[in-house]
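Line order of the protein sequences matches chains U and G.
Per numbering that gives the first Met the number 0, the very first residue in the first sequence carries number 0; after that it's consecutive.
Per numbering that gives the first Met the number 0, the very first residue in the second sequence carries number 0; after that it's consecutive.
See below for the structure under consideration.
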Amino acid sequence: MARSTPEHRRKARVKAGFSVYYAIFLIFVYGPMFAMFTLSFQGPRGGVTFPMRGFSIFWWEKLTGPSTVGDLKASLVRSLILAVVVMVITALFSTMLAMAFRKRFRGSGALFYAVMSGLMVPGVLLSLGLASMLRQLGMAPAWWYSALGVHVVWTLPFGFLVMMAVFNRFDARLEEAARDMGADEWTVFKEVTLPLITPGIVAAGLFGFTLSYDEFARTTLLAGANNTLPLDINASLTQRVQPTLFALGTASTIFSLLMIGVFIVIYTILYRRSR
Amino acid sequence: MTTVESYAKITHGEVAPRGLIGGAPAVLDETKRKFRREPGFPVPILIAPATLWLIVFLFLPLISIFIFSFWKTTGHGMTPAFTLEHYRDFFITEGFFDPKKPEFLTPSIFLRTLWTTFRFTITVMAICLILAYPLAYFLSMQVEDFKWQLTLFLLAMVPFWTSYLIRAVAWLPMLGRHGLINEFLVGIGAIDEPVSFFLYSEFSYTMALVQLYVVLAVGPIFFSLAKIDRTLLEAARDMGATPFQIFREIIAPLSLPGVAIGMIFVFVMIMGEFATAVVVYGGKTSTTGTVILNYYAIANYPFAAVNAFMLMLAMMIGVVVILRLVDIRKEL
């Protein structure tokens, strides 16, 4: 097929140009992370910049050994527990909210903006507000309730938008059919609605988990006596930066990527099944 | 159809009014409502938990910031009072009204910090927009296969789900005196010896912030571009419009809401930024975020609250300005 009219050639050139731009963008976004991955295998005498002085797992071993920052394993466990709880609450709340928004009700506009403002209010404001409020009430903040609270405020709008999109394409006639055949609300939900929206719930949970796991600004004044992992990372930044930090960063990033991968796999399986 | 006509259609049952996101069969008039309960779980039960949660963890904290900003500081805490002295300290330094003092009519460091934060945010926003728009355009307009579109989009978005502290840290090996950029520039002979201005400078701060937040702009712009009806573009092409005309007359106006939403995201994120400055700027600059945390650390909670409140005010003004310029309601 001779399709090489000037028009086609021009289009191909434009597309090639954009593709190159996309590649450069990816390098910009991922490049620093790859530099960090590489440098985490720095030799024992090497520093935080290139060149590599040998290749070793010295800094990785240092990471698993006793740390100067704090008990990394304990804070990792705390971060994970927090992320799982945030994931569950985000998935639950955003599903319930989106189900409510399928109907018209008084104050729906206000509630919509209230949920969305979780995206708009910077973490440092929530941290300050809640921390000083709790202080005035004589309560000590702790990661499992005060940090949890503001994490959900942050992740809820993401999950909510996902579930809104899910119900937007949802065929309500399926539910009506079930109702007509005499199913009560619970049965309709359990047998018809839930199986169809499960992929969306997983996606909402993904936002909850990953955003909470990495959250720093909203935890900073609200974790109380025990640090979460991002707080430990931040604490180690105030000391002399060593390749250990790169090892920690690499491990943390790989873990995040793994989680995203797991969620995408679960999502795909459930999505296929719900078709 | 005029508004009146469409209203008549609705009330006479020709067009069923739907919920915000559709799906629910509408109850058409009050008489029918009595006999037929709306299907689905009751709304109050569905919204109560989330509403309570938002009240406790979003609204009460914000209201307390406002209230505490008027309280008196006691050196190690605060007591209820109504004083405006923290607001005065926020705006002016001592000697503001004294023509003999060097501080005469000079705004305080805190107001200037907020201004710097704002100015810097605008710069980063502009760069994010310039970088994000072509990318979103490429993904939505040039990539035709839906699977590829989604894959390439996700690939660009993934960093958003990884730790942003770590991503800030990752700039250190790139930008330092022996960093990759210096090595590269020396290697190709662009500079004779490594320069130190890449790291712990406004340059590194800008680079890091752009890399951290540019994906937030890509997402909304991509979605608004993807929603554009392709037949519009085709029609314009058939009528002889040049690609540039198509972009200016159709694509650009229709993608504006996405641009606005993306810019709002980037704006609020960077206005509240505080950790990145420490990592890649070496703490040489302060943002209003760092000021807030510093005053919290020395237990001057009311003054931290004043800074926080002014930050919130500045952000609201910014968001309102953006919303004034672009009508995003269609998008929501």
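From the three backbone atoms N, C-alpha and C, an ideal C-beta is built for every residue, glycine too.
Only a predicted model underlies this, so the values are computations on that prediction, with no experimental measurement involved.
For residue i and residue j, I'd like the C-alpha separation in whole angstroms.
| i | j | result |
| --- | --- | --- |
| P158(G) | F159(U) | 21 Å |
| F308(G) | I66(G) | 10 Å |
| M268(G) | T4(U) | 47 Å |
| Y280(G) | L198(G) | 7 Å |
| T209(U) | Y163(G) | 12 Å |
| V290(G) | F24(U) | 33 Å |
| V152(U) | F109(G) | 29 Å |
| T154(U) | I259(U) | 15 Å |
| T72(G) | E93(G) | 19 Å |
| A207(G) | L149(G) | 26 Å |
| V114(U) | L53(G) | 7 Å |
| V161(U) | P242(G) | 34 Å |
| R32(G) | R101(U) | Unreliable placement is indicated for R32(G), whose pLDDT of 48 sits below 50; the coordinate value is still reported in the next sentence. Cα to Cα, R32(G) sits roughly 17 Å from R101(U). |
| F81(G) | I91(G) | 19 Å |
| Y144(U) | F56(G) | 10 Å |
| L151(G) | T197(U) | 25 Å |
| F34(G) | A49(G) | Low confidence applies to F34(G): its pLDDT is 45, below 50, so where it sits in the model is not reliable, and the reading given next is rough at best. Cα to Cα, F34(G) sits roughly 30 Å from A49(G). |
| M77(G) | N299(G) | 8 Å |
| V213(G) | L130(G) | 7 Å |
| G12(G) | V87(U) | Low per-residue confidence applies at G12(G): pLDDT is 47, beneath 50, and the placement is therefore not dependable, though the value from the model is reported in the following sentence. In a straight line, the C-alpha of G12(G) is about 41 Å away from that of V87(U). |
| Y204(G) | W160(G) | 21 Å |
| T37(U) | G53(U) | 11 Å |
| G218(G) | H75(G) | 45 Å |
| G21(G) | M95(U) | Model confidence at G21(G) stands at a pLDDT of 49, short of 50, so the residue's coordinates are unreliable; what they give is reported in the following sentence. Going from the Cα of G21(G) to the Cα of M95(U) covers about 15 Å. |
| V240(U) | V47(U) | 7 Å |
| N293(G) | T252(U) | 29 Å |
| F117(G) | L153(G) | 30 Å |
| A167(G) | V123(G) | 15 Å |
| L236(U) | A177(U) | 57 Å |
| I165(G) | F40(U) | 16 Å |
| F302(G) | S68(G) | 6 Å |
| G42(U) | T120(G) | 39 Å |
| Y257(G) | S116(U) | For clarity, residue 257(G) is Gly in the given sequence; the question names Tyr instead. If you take the alpha carbons of G257(G) and S116(U), they lie about 17 Å apart. |
| A216(G) | A224(U) | 36 Å |
| D191(G) | P31(U) | 24 Å |
| Q135(U) | P60(G) | 12 Å |
Looking at residue j and residue i, is the spacing between their C-beta atoms short of 8 Å?
| i | j | result |
| --- | --- | --- |
| K61(U) | T243(U) | yes |
| V42(G) | C127(G) | no |
| V187(U) | F262(U) | no |
| I62(G) | L127(U) | no |
| P121(U) | A130(U) | no |
| M314(G) | M270(G) | yes |
| L138(G) | F264(G) | no |
| A276(G) | T287(G) | no |
| A370(G) | V28(U) | Given a span of 0 to 331 for chain G in the structure shown, any question on residue 370(G) remains unanswerable. |
| L228(U) | S74(U) | yes |
| E182(G) | F245(U) | no |
| L220(U) | Y295(G) | yes |
| A146(U) | T218(U) | yes |
| Y266(U) | P133(G) | no |
| L205(U) | I46(G) | no |
| G276(U) | M51(U) | A query on residue 276(U) cannot be resolved here, the shown segment of chain U reaching from 0 to 274 and no further. |
| E175(U) | T192(U) | no |
| V85(U) | G199(U) | no |
In the DSSP assignment, what residue or residues form a beta bridge with residue i?
| i | result |
| --- | --- |
| M77(G) | T72(G) |
| I91(G) | P106(G) |
| Q41(U) | F54(U) |
Please confirm whether any heavy atom of the ligand HEM lies closer than 7 Å to the CB of residue i.
| i | result |
| --- | --- |
| P301(G) | Because no ligand of any kind appears in the structure shown, any question about the ligand HEM cannot be addressed here. |
(request) Determine which residues of the segment 13-32 of chain U have a Cβ less than 8 Å from any Cβ of chain G, and write them out in chain order. (result) Answer set for the segment 13-32 of chain U: V13, K14, F17, S18, Y20, Y21, F24, L25, F27, V28, Y29, G30, P31, M32.
(message) Counting only Cβ-Cβ distances shorter than 7 Å, please list the residues of the segment 61-80 of chain G near chain U, keeping chain order.
(response) L61, S63, I64, F67
(message) So if I threshold CB-CB distances at 8 Å, which residues from the segment 118-139 of chain U count as touching chain G?
(response) L118, M119, V120, P121, G122, V123, L124, L125, L127, G128, L129, A130, S131, M132, R134, Q135
(request) Could you name each continuous alpha helix (DSSP H) segment of 4 residues or more that falls completely within the segment 178-224 of chain U, going from the start of the chain to the end? (result) 184-187, 193-212
(message) What are the residues in the segment 158-170 of chain G lying within 8 Å of chain U by C-beta distance?
(response) Of all residues in the segment 158-170 of chain G, P158, W160, T161, S162, Y163, L164, I165, R166, V168, A169, W170 have a Cβ within less than 8 Å of some Cβ in chain U.
(request) Could you list the residues in the segment 182-200 of chain U with a C-beta less than 7 Å from some C-beta on chain G, going in chain order? (result) E184
(message) Which residues of the segment 298-317 of chain G have a Cβ closer than 8 Å to any Cβ of chain U? Give them in chain order.
(response) If the cut-off is 8 Å between Cβ atoms, the segment 298-317 of chain G has Y300, A303, A304, A307, L310, M311, M314 near chain U.
(message) Output needed in chain order: residues of the segment 206-224 of chain G with a Cβ under 8 Å from some Cβ in chain U.
(response) Q210, V213, V214
(request) Go through the segment 152-181 of chain G residue by residue and report every complete run of the alpha helix (DSSP H) that reaches 4 residues or more, in order. (result) 163-168, 171-174
(request) Identify each residue in the segment 176-201 of chain G for which the Cβ-Cβ distance to at least one residue of chain U is less than 7 Å, and report them in chain order. (result) H177, G178, L179, E182
(message) Short of 7 Å Cβ to Cβ, which residues in the segment 37-60 of chain U face chain G?
(response) So the close ones are L38, V47, T48, F49.
(message) Against chain G, which members of the segment 226-247 of chain U pass a CB distance test of less than 9 Å?
(response) L228, P229, I232, N233, L236, T237, V240, L244, F245, L247
(message) Short of 7 Å Cβ to Cβ, which residues in the segment 36-48 of chain G face chain U?
(response) Listed by position, the residues of the segment 36-48 of chain G near chain U (Cβ gap below 7 Å) are E37, P38, G39, F40, V42, L45, I46, P48.
(request) Return the residues of the segment 141-152 of chain G that lie within a Cβ-Cβ distance of less than 8 Å from chain U, sorted by chain order. (result) Q141, L151
(request) Counting only runs of 4+ residues fully inside the segment 102-180 of chain U, write out the alpha helix (DSSP H) ranges in chain order. (result) 107-119, 122-135, 147-167, 171-179
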